[in-house]
Each structure stands twice: as structure tokens, then as C-alpha cells.
Amino acid sequence: MSNQANARPFVIPQFTPKDYGSFFLAGALCCTISHGGMTPIDVVKTRIQIDPKYKPLGFVSGTRYLIANEGPSALLTGFGPTAVGYLAQGGAKFAGYEYWKKSFVTIAGDQETAVKYRTAIYLGAASVAEFFADILLTPLEATRIRLVSERGYATGLVSGFTRLASEGGVSQMYAGFLPILCKQIPYAIGQFTVNEFCHELAFRNMSEETKKSMSDVSKFGLSLGSGIIAGFAAAILSHPADTLLSQINKGHGPTGSMFYRLTALAKEAGVKGLFAGLGPRMIMTAGLVSSQFLMYDGIKHALGAPPAVEIHKE
1 MSNQANARPF VIPQFTPKDY GSFFLAGALC CTISHGGMTP IDVVKTRIQI DPKYKPLGFV
61 SGTRYLIANE GPSALLTGFG PTAVGYLAQG GAKFAGYEYW KKSFVTIAGD QETAVKYRTA
121 IYLGAASVAE FFADILLTPL EATRIRLVSE RGYATGLVSG FTRLASEGGV SQMYAGFLPI
181 LCKQIPYAIG QFTVNEFCHE LAFRNMSEET KKSMSDVSKF GLSLGSGIIA GFAAAILSHP
241 ADTLLSQINK GHGPTGSMFY RLTALAKEAG VKGLFAGLGP RMIMTAGLVS SQFLMYDGIK
301 HALGAPPAVE IHKE
């Protein structure tokens, strides 16, 4: 029999508004829980990126230094804007990825075309979804970085957000929009695209019988392993822009257009400076991405949401 005869029928699910609501809620919860839980690591990582006193330190020594000088509570600095920001961003990102992936598959028109251009579909869906999600995230990320980088800036989310808005207005709140796009879009590409291909690689090496009889433990292991690899990719791809974002929100760099400021800061930092703090961030991101996919799938299942569109090569 031909491959065409063996091919599964090309069926594109018709997601309802309720389905997208479930995708949004699952994405919101998995991102706010995971990012909120990683706040201590993110605090140390940000300090290493922007504070000269921390630059020679690693993650463990940086953590000890922070606790010794500011107390254990400093590890939770910025928890409020982190949790709220990624609640909005996570919902928009995951629901958006489901929407745009399905839309691009529909545009492809048939199974063969969708599979052929699946990389472009993954990249496009991740990029467009992240763009809109970052509109929600940027002001809260700016608030978080101010709270972490400037001791005494504000007492928490509301006071920090209010001060940033009143002193700098919309222009200051969105000063980091371009660098956050430069950070988050590569992050999303690594997160979703690498995860898709890890699953595809695993499934292509399984028989149909093995796929159907996979235990819950095996499914968990596959999701965890794929998420960890995708997390490493997301961290490496997005780290230079993450460093520049921290510098911009700290107020570093010359005046001028955002592109000029980013270019000047990148030249000043050099390759080594742009990747400062990558080790802690790889640990953080692997935990973030893997836990997000595990929680996302679990919450979707609990809500009765349909499975995602699959265009893996057989």
C-alpha cells in the first residue's frame, strides 16, 4: 500500500471559544505557577546581569551574597509582578499558539503541505502568539526588574507599577518592548518548536502499537525530557536579549532610539557579557518549560479541552 493510503485523514479540529478559554486558563496557570516559583533564581540571575558586585559570582555564591546582605526575603523580590505578568502572558501565549498553529495548518490546506512546512508553522505560530502576549507582559516585567535592581524602589507590585507609570508614563513602561520581543520570541521559538520536534523524533522511533500502549509514566517521561531540552534551547536563544532587557530597565546605556541603545549596550557587553548568568538561567528555564508543558497538559485534560493540532512527520 502507498504512503497516501496509510496516511491518517487530514482533520483540522474546530476549536470553540470555550476551548480557547480552556487553553488560556491552562496557559495562565502553568506560567504564573512556574515563573512565580522560580522567582529566587530569577532574582539572582538579574543581579548577576546588572550589578557589578555580582558579576564575578556564580549562582550559589550569588545567592549566599544576596542573603547575607539583604536577608532571605530579598529572594522573593518582584514576586507580585512576576506572577501577574506571566498569568496574562502565559494565557495569551499558549492560547495564541494553539490558535495560530491551527490557522496556519488551515492555510496549508492539506496534510502533506502542512507536514512539509511544519517548521515554518511552528516558528510563525510561536512568534505571532508571543508578540501579542508581550504587549501584556512588558509593563509588569519593567516593574519586576525595577523592584529587583533598585532597593527601596517600591514595596510591591501595585506601588511599583504606580510609581513607574506616574514617573515615566507609557513610554517608560514600554521602553523594554523591543528588547523583550527580541528575548521572548526566540524563547517561544525554542520552547514550542524544539518541544514539537522532540516529540516527533520520539514518536517516529515507536511503532503504532507502542504509541497506543504508552503508560502514563512513559508519557510523563517524554514530556519532561522534551520540556527540559526545549528549555535549554529557549534559554540559549533568548539570553543575550534578556541581558539587554535588564540593562535597559535599569536605565543603563546611552540616550537615543531603542535600536541604538541596544546596539551600544551589546557592543559594550561583548559576547561574554551578553551571556553572563546563562548557567542559572538555563537551570531556571529548563525547570520552567518542562513544568509548564506538564501542567498545561494536565490542566487542559482536567478542563476537558481537546488535544492540540498535530502535524508531525510520520
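Read left to right, the sequence shown gives residues 1 to 314 (the UniProt record's numbering). From the three backbone atoms N, C-alpha and C, an ideal C-beta is built for every residue, glycine too.
Close CB contacts of Tyr86 within its chain, under the 6 Å cut and outside five residues either way in sequence, are with Cys31, Thr32 and His35 (chain order). Following the DSSP letters along the chain, one finds Tyr296 inside the alpha helix (DSSP H) bounded by residues Leu278 to Leu303. Counting only runs that start and end inside the region 212-276, there is no beta strand (DSSP E) element of at least 3 residues. Residue nearest to Gly71 within the set Val43, Tyr97 and Gly91 is Val43 (criterion: CA-CA distance). The beta carbon of Pro13 sits closer than 6 Å to the beta carbons of Pro306 from its chain, once the five residues preceding and following it are set aside; these are given in chain order. For the pair Tyr20 and Glu98, the CB atoms are nearer than the 9 Å cut-off. In the displayed model, Asn205 falls within coil according to three-state DSSP, outside both helix and strand. The alpha-carbon separation between Leu181 and Glu209 amounts to approximately 42 Å.
The beta carbon of Pro254 lies closer than 8 Å to those of Tyr260, Arg261 and Ala264 in the same chain, with the five residues before and after it left out.
A Cβ-Cβ separation of about 18 Å leaves Phe94 out of contact with Thr138 under the 8 Å criterion.
Rounded to the nearest whole angstrom, the CA to CA distance from Ala68 to Thr39 is 18 Å. Rounded to whole angstroms, the Cβ separation of Gly190 and Ser290 is 13 Å, and the two are not in contact under 8 Å.
With a threshold of 16 other beta carbon atoms within 10 Å, Lys101 meets it and is buried. Counting only runs of at least 4 residues, the region 59-89 fully encloses the following alpha helix (DSSP H) elements, listed from N- to C-terminal order: 59-70. Between the C-alpha atoms of Gly273 and Ile145 there is a straight-line separation of about 18 Å. Under the three-pair Cβ rule at 8 Å, the region 223-243 does not count as touching the region 155-162. Residue state for Leu57 is assigned as coil, using DSSP reduced to three classes. C-alpha of Thr243 to C-alpha of Ala26: approximately 29 Å in a straight line. Residue burial is scored here from C-beta neighbours: Ser246 has at least 16 other C-beta atoms within 10 angstroms and is therefore classed as buried.
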